[in-house]
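These notes concern the structure reproduced below.
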Amino acid sequence: MLKSKSPSGSDEDTHAVSHADAVSSAVHLLHRAGQCADELFAVQLPHGAMTPRQFAVLKAVEGVQEPSQNDVVAMTGIDRSTIADIARRLVERGWLQRRRTRRDARMYALKLTARGQTALRQASPNAQATDDQLLAPLTPGERTQFLDSLEKIVAAARHHTGAAENGHSNGHATD
Numbered sequence: 217m218l219k220s221k222s223p224s225g226s227d228e229d230t231h232a233v234s235h236a237d238a239v240s241s242a243v244h245l246l247h248r249a250g251q252c253a254d255e256l257f258a259v260q261l262p263h264g265a266m267t268p269r270q271f272a273v274l275k276a277v278e279g280v281q282e283p284s285q286n287d288v289v290a291m292t293g294i295d296r297s298t299i300a301d302i303a304r305r306l307v308e309r310g311w312l313q314r315r316r317t318r319r320d321a322r323m324y325a326l327k328l329t330a331r332g333q334t335a336l337r338q339a340s341p342n343a344q345a346t347d348d349q350l351l352a353p354l355t356p357g358e359r360t361q362f363l364d365s366l367e368k369i370v371a372a373a374r375h376h377t378g379a380a381e382n383g384h385s386n387g388h389a390t391d
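Residue numbers (this note's numbering): 217 to 391.
Rendered as structure tokens:
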């Protein structure tokens, strides 16, 4: 339990949650793991080369013939406004082409450029090294179980919130 000094100088309980519980909550640990992953990714790539979310968007676009930005939202779980911002930045860097779709003039289709393919190819070994370093403390069996568990958590959260389907943003994502 966390304790503080009362005005009389005696220790008193100020929180019903122990310090260990506060720093080992699933939400906090997932957030910290994400921060650690982002930091490891940044160390692996030259300064400013690419962010983890930019890498995820490029990988998603690479795997599908001219997906819409909404398709990329569904594939990555990144909200619509953040995808639009990432796509704009990747277009500015010459890594993506973005054009209105024939089917719906309100939607954009994305396509990797030759420069984008080169950037993705160059970043891929570093992204793999980040995954390897991040998962190094786990045995191969634990890695599989951990990744399967994360996929279950994400799927359940998507089901409960509808975030990916509706493109909702929590307002915290920047890239």
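Glycine included, C-beta positions come from ideal geometry on N, C-alpha and C.
According to DSSP, is residue i helix, strand or coil?
i, result
"residue 241", "coil"
"residue 325", "strand"
"residue 387", "Here the model assigns residue 387 a pLDDT of 42, short of 50, so the residue's position is not dependable and the matter cannot be decided."
"residue 265", "coil"
"residue 255", "helix"
"residue 217", "Confidence in residue 217 is poor, its pLDDT being 41 and thus under 50, which makes the residue's placement unreliable; the coordinate value appears in the next sentence. DSSP places residue 217 in coil when its eight states are reduced to three."
May I ask which residues mark the beginning and end of the alpha helix (DSSP H) holding residue i?
i, result
"residue 314", "Segment 312 to 316 is the beta strand (DSSP E) holding residue 314; no alpha helix (DSSP H) there."
"residue 273", "268 to 278"
"residue 375", "356 to 377"
"residue 341", "330 to 351"
"residue 308", "296 to 308"
"residue 285", "285 to 292"
As a quick exercise: from the options, pick the residue whose alpha carbon is nearest that of residue i.
i, options, result
"residue 329", "313, 323 and 264", "313"
"residue 305", "293, 326 and 262", "326"
"residue 285", "353, 315 and 261", "315"
"residue 343", "240, 268 and 241", "268"
"residue 346", "255, 335, 275 and 362", "255"
"residue 318", "333, 307, 283 and 332", "283"
"residue 266", "332, 251 and 371", "332"
"residue 296", "247, 372, 341 and 323", "323"
"residue 310", "320, 281 and 274", "274"
Counting pairs of beta carbons, one from the region 289 to 306 and one from the region 253 to 263, are three or more of them closer than 8 angstroms? no
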